Amino acid sequence: MRARGFTATEIGEDDGVLWMSITDFFLHFEKLYLCRFFDDTWQEISYDGCWSVADKTAGGCTNNKSFVDNPQFLLKVDTNLLASEIEIFMSLKLKTKLGSKKFKTGIALEVYEND
80 MRARGFTATE
90 IGEDDGVLWM
100 SITDFFLHFE
110 KLYLCRFFDD
120 TWQEISYDGC
130 WSVADKTAGG
140 CTNNKSFVDN
150 PQFLLKVDTN
160 LLASEIEIFM
170 SLKLKTKLGS
180 KKFKTGIALE
190 VYEND
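In this note's numbering, the protein residues as written are 80 to 194.
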């Protein structure tokens with residue numbers, strides 16, 4: 080395999096790095112998950128929510144008037160306490176049974192600024 084900017088010894092090292100052409104990647108894989116590791120200065124806050132038709136917490140997308148029934152969270156950041164910029168990482172996960180393909184559904188995360 081030829082890679083620009085890398086010598087054969089760097090590519091051939093037994094260091095756990097896998098080299099693959101982008102063409103082969105798209106031929107054999109459908110999804111790519113990226114992960115970022117954080118140091119000890121990061122704080123993680125998790126919330127478990129639920130979309131439920133029975134509990135009327137499944138309002139659908141923003142095209143529906145019932146959108147306001149979806150779970151909502153308010154995040155307040157006191158910028159007066161910060162010495163520098165702040166980074167916030169958000170993710171939305173859909174928990175399903177492992178290997179379950181009974182249904183396909185879409186999920187979304189929308190962030191709005193509230194002054």
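Idealized CB from N, CA, C, for every residue including glycine. Remember, it's a predicted structure, so these values are computed and weren't measured experimentally.
Using 8 Å as the threshold, is the region 109-117 in touch with the region 149-166, meaning 3 or more CB pairs across them?
By the Cβ rule, the region 109-117 does not count as touching the region 149-166, because fewer than three pairs are nearer than 8 Å.
Alpha carbon to alpha carbon, how far is C140 from V147?
Here the question's residue 140 lines up with position 61 in the sequence shown. Here the question's residue 147 lines up with position 68 in the sequence shown. Rounded to whole angstroms, C140 to V147 spans 9 Å at the Cα level.
Return helix, strand or coil for I101, following the three-state DSSP convention.
For the purposes of this step, residue 101 is taken as the residue at position 22 of the sequence shown. The answer is helix: DSSP assigns I101 an H, G or I state.
Taking just the CA atoms, how far does D157 sit from W121?
The sequence position of residue 121 within the sequence shown is 42, counting from 1. The sequence position of residue 157 within the sequence shown is 78, counting from 1. Rounded to whole angstroms, W121 to D157 spans 16 Å at the Cα level.
Tell me whether S170 sits in a helix, a strand or coil according to DSSP, three-state version.
For the purposes of this step, residue 170 is taken as residue 91 along the sequence shown, with counting starting at 1. Note: S170 maps to coil in three-state DSSP.
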